[in-house]
Amino acid sequence: MGATWVYAEVTPEGLHPSALELLTKARSLGGDVAAVALGPGATATAAELGEHGAATVYASDDQVFVDQPGRPAAHTLKALIDQHAPALLLLPGTYEGRDVAGCLQALTGSTLMANATDVSGPDRARTEIFGGTKIVDVDLAGPEPKLVLVRPKSFPAEPSGGTATVVPIEAVVPPGPVATVIERHAEAASGPKLEEAIVVVAGGRGLGGPEPFAMLDELAAAIGGAAVGASRAAVDAGWVPYAYQVGQTGKTVKPEVYIAAGISGALQHVVGMKGAKRIVAINKDVDAPILKIADLGVVGDLFQIVPALTEEVRRRASS
Amino acid sequence: MNVSVLAKFVPNPTGTPQLGPDNLLIRDAGDGALDPGDEYGLELALQLVEAGGGEVTVVSMGPEEALAGIQRGLAMGAHKGVLISDPALRGADALITARVLAAALGRQTADLMIAGVESTDGYTGTMPATIAELLGVASITAVRKLEPDGEGFRVERQTESGYDVLRAPSPALITVTAGATEPRYPSLKGIMAAKSKPVERLSAADLGVTDLMSTQTVSSVTDAPAKAGGEVVSGDDAVARIVDLLEEAKVI
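In structure tokens form, the structure reads like this:
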């Protein structure tokens, strides 16, 4: 088969973990594998990309890729595609991946499959719909490369021990009107990263406001190695920042234990956490959909249960 | 300032939608509504026009039932609607839909075009960027705040770690996050007034989009292995049970 390319997202913190997951998958498809890494720090990611199966890394450290979200990356990819004609391009289902893929589709006229959970080649990909209750295989047609946005954490990242040839490239900055970043604001985060924590304690609409999240912070601290997350309802209400959001439009987590407090279990949310090894749900509503996917459902008042749980975790930890 | 708002009519936004025998989503089951994710952008559009003058146009592609979604927008205060309803567009993929919507938006003279970050039924989240590129206008996704600024806009865009501030020229196409605004409820007066507001109806051919060959075909739909429902407990020993589970998982 033709070559499979991976769009390796480069963030201010380094390589987005999805790049290594996508390369591991790309390797298994059988063709040549290359990665495209764009933005400050891109060239420095080549070693890691090579270790995970990229034989070639096309890289540019140009600042324009962060100053102008999406468009220069899509145009740079288009120039590379015209030159090398890959059969398949895998991108991460992140905000950036979506922007790049959406813009690129206008340039290539190729098919674009979003929310893929598996890929079996340039002509077929798999997705899950209705909160993961149905598995759908989709045949892809039209001009190459097929564009497939893959949900993060769909595959494990496994090194193959290879080395990549780095090909420096020039950014393609198209003429035309453009939006430019003039300021950046990062919200301080503490504790383990949500995607990497072994336990996630998440709160939803049932918390009723921002203050009760302190209760979840305490539980997370008592457990140790735990991160606090939230449903979209809690984020939309402005109780916690977007960085907390678990779900379709937020982060995908696969911890050992996921504790959902006051979260009803909308499909939006379930998609981001159903891969947890064990799910505990605390909800006052016996009919809440989250109880149907929980290994342990607790029906009751979270304002009593969570502090009591924190107390009991501390007691057993010290005994 | 004139604002065009893309609005999608989605089946059963709060429940589980259904697939038909042809593996396409059943879009006319009678339980559809304007995508709740589109109301935030509609509200932003209405606020901008109320402050600075101009008109809000609601643009939608969908089955005949999608008229109800446009009417919801008109009842909230939008001035006119455009409905692209065409049996030939049933099952249209993202690229065809983007071409149709880009052509429809191209007929308007909007200073700003607004869409939701993603639909509640498909969650694709790529179409606005495709449309912007087809139209040759600036695009900013995941916007949580927008203010007119000279000839263009000052925009706050949600990021993984916080937010960025961008300057965008006009016209621009943005997607608005849920929670960016607090959508108003249509008043009774608004609902009555909506009935006499103009809604233009177009087909794919009217918009000059003739290549309607979908590039995606569903080859199979299977039920995911059902997760066995666990145990549901309540009362005094609930806390102890959770801690037991944490110990079994070796996380404490």
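Protein chains in written order, with this note's numbering: chain Z, 1 to 319; chain P, 1001 to 1252. For each residue, glycine too, the CB sits at the ideal point set by N, CA and C.
So which of the options has the shortest CA-CA distance to residue i?
i, options, result
"Z/S60", "Z/P40, Z/V66, Z/G50 and Z/K78", "Z/P40"
"Z/A221", "Z/A197, Z/S231 and Z/T127", "Z/A197"
"P/K1250", "Z/A237, Z/E211, Z/R316 and Z/T56", "Z/R316"
"Z/A171", "Z/H75, Z/M1, Z/T11 and Z/E13", "Z/H75"
"Z/M1", "Z/L23, Z/L20, Z/Y7 and Z/D32", "Z/D32"
"Z/A13", "Z/D137, Z/A42, Z/A294 and Z/A73", "It should be noted that the sequence gives Glu, not Ala, for residue 13 of chain Z. Here the closest residue by C-alpha is Z/A42."
"Z/T133", "Z/G300, Z/K292 and Z/V306", "Z/K292"
"Z/A281", "P/R1241, P/E1247, P/I1252 and P/E1248", "P/R1241"
"Z/G204", "Z/R151, Z/S154, Z/G262 and Z/L49", "Z/G262"
"P/A1115", "P/A1092, P/K1080 and P/E1043", "P/E1043"
"P/L1025", "Z/V136, Z/D99, Z/V286 and Z/P241", "Z/V136"
"Z/E183", "P/A1178, P/K1195 and P/V1165", "P/V1165"
"Z/V66", "Z/T111, Z/A179 and Z/G209", "Z/A179"
"Z/K284", "Z/G238, Z/G102, Z/I305 and Z/P69", "Z/I305"
"Z/Q83", "Z/Y58, Z/G93 and Z/V150", "Z/Y58"
Looking only at its own chain, which residues have a Cβ that is under 7 angstroms from the Cβ of residue i, when we skip the five neighbours before and after it?
i, result
"Z/G131", "L267, V270 and V271"
"P/L1245", "none"
"Z/A26", "T4, V6, V33, G53 and L90"
"Z/A227", "G191, P192, K193, L194, A197, V200 and A220"
"Z/Q63", "P40"
"Z/L296", "V280"
"P/T1109", "N1002"
"P/S1093", "According to the sequence as given, residue 1093 of chain P is Asp; it is not Ser. So the list reads S1214, T1215 and Q1216, once near-sequence residues are dropped."
"P/K1195", "none"
How is residue i classed by DSSP in three states: helix, strand or coil?
i, result
"P/V1137", "coil"
"Z/K193", "coil"
"P/R1184", "coil"
"Z/D118", "strand"
"P/G1152", "strand"
"P/I1191", "helix"
"P/K1197", "coil"
"P/P1087", "helix"
"Z/L267", "helix"
"Z/I81", "helix"
"P/M1061", "strand"
"P/T1175", "strand"
"Z/A75", "This sequence places His at residue 75 of chain Z; Ala is not what is there. Three-state result, Z/H75: helix."
"P/D1022", "coil"
"Z/P168", "strand"
"P/D1028", "coil"
"Z/D62", "coil"
"Z/D163", "Asp is not the amino acid found at residue 163 of chain Z; the sequence shown has Thr there. Reduced to three states, the DSSP call for Z/T163 is coil."
"Z/S18", "helix"
"P/E1160", "coil"
"Z/A288", "coil"
"Z/E183", "strand"
Taking 6 angstroms as the limit between beta carbons, can you name the residues of its chain near residue i, skipping five residues before and five after?
i, result
"P/S1203", "D1086"
"Z/V148", "L90, M113, A116, V119 and A125"
"P/V1082", "V1059, A1104 and E1200"
"Z/E144", "A87"
"P/S1139", "A1129, A1132 and L1173"
"Z/L20", "H52 and A157"
"Z/P255", "A197, I198, V199, V200 and A276"
"Z/T165", "T56"
"P/L1089", "A1204"
Is the closest heavy atom of the ligand NAP to the C-beta of residue i under 6 angstroms?
i, result
"Z/A164", "You won't find the ligand NAP in this model; it holds no ligand whatsoever."
Excluding the 5 residues preceding and the 5 following residue i in the sequence, name in chain order all residues of the same chain whose CB lies nearer than 8 angstroms to its CB.
i, result
"P/K1145", "V1155, E1156 and A1180"
"P/L1046", "V1056, M1076, G1077, A1078 and R1184"
"Z/P174", "R71, P72 and H75"
"Z/D139", "D123 and R124"
Answer yes or no: does any C-beta atom of chain C fall closer than 7 angstroms to that of residue i?
i, result
"Z/G209", "Absent from the structure is chain C; the protein chains it does hold are Z and P."
Margin query: Would the region 1209-1223 of chain P count as touching the region 1166-1173 of chain P if we require 3 or more Cβ pairs under 8 angstroms?
Written below: Flag = no, the region 1209-1223 of chain P and the region 1166-1173 of chain P do not touch.
Notebook entry, point to check: Within the chosen definition, does the region 1066-1079 of chain P reach the region 1096-1103 of chain P through at least 3 CB pairs nearer than 8 angstroms?
Noted result: Touching, no.
Item checked: Ordered list of alpha helix (DSSP H) runs contained in the region 1202-1248 of chain P, each at least 4 residues -> For the region 1202-1248 of chain P, whole alpha helix (DSSP H) runs of length 4 or above, ordered along the chain, are 1238-1248.
Item checked: Completely contained beta strand (DSSP E) runs for the region 85-141 of chain Z, where each covers 3 or more residues -> Counting only runs of 3 or more, we get 88-92, 112-121, 124-129 and 134-140.
Check: So, do the region 1216-1230 of chain P and the region 1118-1130 of chain P have three or more beta carbon pairs nearer to each other than 8 angstroms?
Finding: Output reads no: the region 1118-1130 of chain P does not touch the region 1216-1230 of chain P.
Next item on the list: Give, in chain order, every unbroken run of the beta strand (DSSP E) that is at least 3 residues long and sits entirely within the region 1066-1137 of chain P.
Entry: Correct list: 1080-1084 and 1112-1116.
Margin query: Which runs of the beta strand (DSSP E) at least 3 residues long sit entirely within the region 22-51 of chain Z? Give them in chain order.
Written below: Taking only runs of at least 3 residues, the beta strand (DSSP E) segments lying wholly in the region 22-51 of chain Z are 33-38.
Margin query: Count Cβ pairs between the region 227-240 of chain Z and the region 250-261 of chain Z that sit closer than 8 angstroms; are there 3 or more?
Written below: As far as the Cβ criterion goes, the region 227-240 of chain Z touches the region 250-261 of chain Z, which means the pair count is three or higher.
Checklist line | Completely contained beta strand (DSSP E) runs for the region 222-255 of chain Z, where each covers 3 or more residues | finding: For the region 222-255 of chain Z, whole beta strand (DSSP E) runs of length 3 or above, ordered along the chain, are 226-230.
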